[in-house]
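Q: To get this note's numbering, take the position in the sequence shown, counting from 1, and add 10. By construction, the Cβ of each residue, glycine as well, lies at the ideal position given by its N, Cα and C atoms.
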Amino acid sequence: MTRLYRIFAWTVVTLTFGFMLNAYLTYWREWPGATSLFGGDADARALVQLGIYIACVVGSAAFVLATSGRGLRTDSQTMTGLAAYVARAAFWIVFFVGLADATISFLRVEGLLDGIVGEELGKALGRNQFRGPYVHGPLVLLGLAVAAFSRSLGFIWLALLVVMAELAIVITRFVFSYEQAFMGDLVRFWYAGLFLFSSAYTLIEEGHVRVDVLYSGFSSRAKGLSNALGSLLLGMTLCAVILVLGMGSKSSIIISPILALEITQAGFGMYVKYMMAGFLGVFAVSMMVQFAAYLLESIADYRDEPGGREVAPEIAH
């Protein structure tokens, strides 16, 4: 049974990333999509996209069979590390993009941007179709690279940044009678990232509040079974619903704003509204991977396998 549990968990993880890859190919590269095979208007690219899903399943099974000596907890730790990288990368991305976009917006609203970068580039930076790909795009890549070398998740620092940004609004508003739209946008941008990106970490550390008066009295085996069923029936299904409904078509709530590089209409505010829609996708992916890790960890707890984690009482709720 250990192999079956591992194959299932790894298949969930790989299919999640396979789904994201196919979404990129379908909406940004205008490939037909794997589902077009059932509509009669498919081409070879649709077969490739279907092959991605098949490769995810076959590859997961092959990996498990080739590493039959690995235990459930070892795989759980690997998946947790993967979810941590996703969250870490998201932190660095919102940090870099937030600082850069807020700076550009400040310079624009004060009429200083053209004098620094020139009139032509200044006008280009005022268009979302330019700022998104040519400012945010490189910063996204930078965040992915930094996350590969950094080991800190950065949530404490992000929380501090939110407080500092909010404090700046209070001081400039009530002391200097100065406030611009981009200042509130920056707080919301970092605040949304803080809560959505830290959810996977909070899950593995038992930090989410449990509305359950019975769980605290369960034995370790009963807790493991409860957590496993919850991860499978509630957690994974929620993440799947978010991904399917949010990225199922060009008009979906995640894909549509990103394709349009949607921005707020608040004058010289920040151009990051489309990225905040993408936060939901990051949340669903990181939580799906972490739920797969939590599932294996919980099954190991149910089977009384050695090596279980000890969660600090002040963290668990």
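1) Can the beta-carbon of D195 be found less than 8 Å from the beta-carbon of M280?
2) Leaving out five residues before and five after A210 in sequence, what residues of the same chain have Cβ atoms less than 6 Å from its Cβ?
3) With H, G and I counted as helix, E and B as strand and the rest as coil, what does DSSP make of K133?
4) Going by DSSP in three states, P42 sits in which element: helix, strand or coil?
5) Would you kindly work out how many angstroms separate the C-alpha atoms of G28 and A72, rounded to a whole number?
6) Confirm, please, whether the CB-CB distance from R183 to E189 is below 8 Å.
7) Starting from P267, trace the alpha helix (DSSP H) in both directions and tell me its first and last residue.
8) Quick check: the region 100-108 against the region 150-169, are at least 3 beta-carbon pairs closer than 8 Å?
9) Using 8 Å as the cut-off, can you tell me whether the region 62-81 makes contact with the region 121-129, which would need three or more C-beta pairs spanning the two stretches below that distance?
10) Scan the region 293-319 and note each continuous alpha helix (DSSP H) run of 4 residues or more that stays entirely inside, going in chain order.
11) Going by DSSP in three states, T182 sits in which element: helix, strand or coil?
12) Using a 10 Å radius around the Cβ and a threshold of 16 neighbouring Cβ atoms, would you call P42 buried or exposed?
13) Just tell me which of A134, V127, P267 has its CA closest to the CA of G291.
14) Measure the alpha-carbon distance for N32 versus L253 and round it to whole angstroms.
15) Expressed to the nearest angstrom, what Euclidean distance is found between the alpha-carbon atoms of T26 and Q139?
16) Kindly indicate the opening and closing residues of the alpha helix (DSSP H) around F27.
17) With burial defined as no fewer than 16 other Cβ atoms inside 10 Å of the residue's Cβ, what is the status of F207: buried or exposed?
18) Among V150, G245, A302, M30, whose alpha-carbon lies nearest the alpha-carbon of Q87?
19) Mapping DSSP to helix, strand and coil, what is I273?
A: On the basis of the coordinates in this document:
1) Taking a C-beta distance under 8 Å as the contact criterion, D195 and M280 qualify as a contact pair.
2) Annotation for A210: A93, A97, S296, M297, Q300 place their beta carbon closer than 6 Å to its own, counting only its chain and skipping 5 residues before and after.
3) In this structure, K133 counts as helix in the three-state DSSP scheme.
4) Coil, per DSSP.
5) Each residue's alpha carbon lies about 16 Å from the other.
6) Yes, Cβ-Cβ distance for E189 and R183 is below 8 Å.
7) Annotation for P267: the continuous alpha helix (DSSP H) segment containing it runs 265-270.
8) Enough Cβ pairs lie closer than 8 Å, so yes.
9) Too few Cβ pairs lie closer than 8 Å, so no.
10) Fully enclosed alpha helix (DSSP H) runs of 4 or longer: not present.
11) T182: helix per DSSP, three-state reduction.
12) Burial check for P42: the Cβ neighbour count within 10 Å reaches 16 or more, so the residue is buried.
13) Residue P267 holds the alpha-carbon nearest to the alpha-carbon of G291 among A134, V127, P267.
14) Pairing N32 with L253, the inter-Cα distance amounts to about 12 Å.
15) Their backbone Cα atoms lie some 29 Å apart in a straight line.
16) From DSSP, the alpha helix (DSSP H) with F27 extends over 12-37.
17) The residue in question, F207, is buried, as its Cβ has 16 or more Cβ neighbours within 10 Å.
18) Among V150, G245, A302, M30, the Cα nearest to that of Q87 is on A302.
19) Three-state result, I273: coil.
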